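These notes concern the structure reproduced below.
Numbering (this note's numbering), first residue to last: -14 to 98.
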């Protein structure tokens, strides 16, 4: 019986520890790869949000006005953009759009005699 215990202590404990070490190392590599992938996905989403925010803001700035619904759409893009660490360019454009009137300015018709 003592011989069996010595054999278990000598070989099985080493095997179990080696297996656990291997599993922990594998899991660590897996988590590291997952983290890298998530960082790339975050960068991609941020790039898409920046592009859409830039395009939309340029459009509204050219139009000269930005309706309430359009502002809601901009906010829907801007909030996650900022939360993901977007730069000041997007925020500046967003704020410039918020400063625009809600509807186009009406031209005063000339009165005919």
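Ideal placement from N, C-alpha and C gives every residue a C-beta, glycine not left out.
Since the model is a prediction, treat every value here as computed from it, not as a measurement.
By the CB criterion at 7 Å, residue 66 and residue 38 fall inside the cutoff. Taking all protein chains shown into account, residue 41 has 16 or more neighbouring C-beta atoms within 10 Å of its C-beta and is therefore buried. At the C-beta level, residue 88 and residue 50 come within 7 Å of one another. Shown here, residue 0 sits in a helix according to DSSP, grouped into three states.
In its chain, beyond the 5 residues on either side, no residue has a beta carbon closer than 6 Å to the beta carbon of residue 3. Under the three-state reduction of DSSP output, residue 61 falls in the helix class. The continuous stretches of alpha helix (DSSP H) do not include residue 51, and DSSP gives it neither H nor E.
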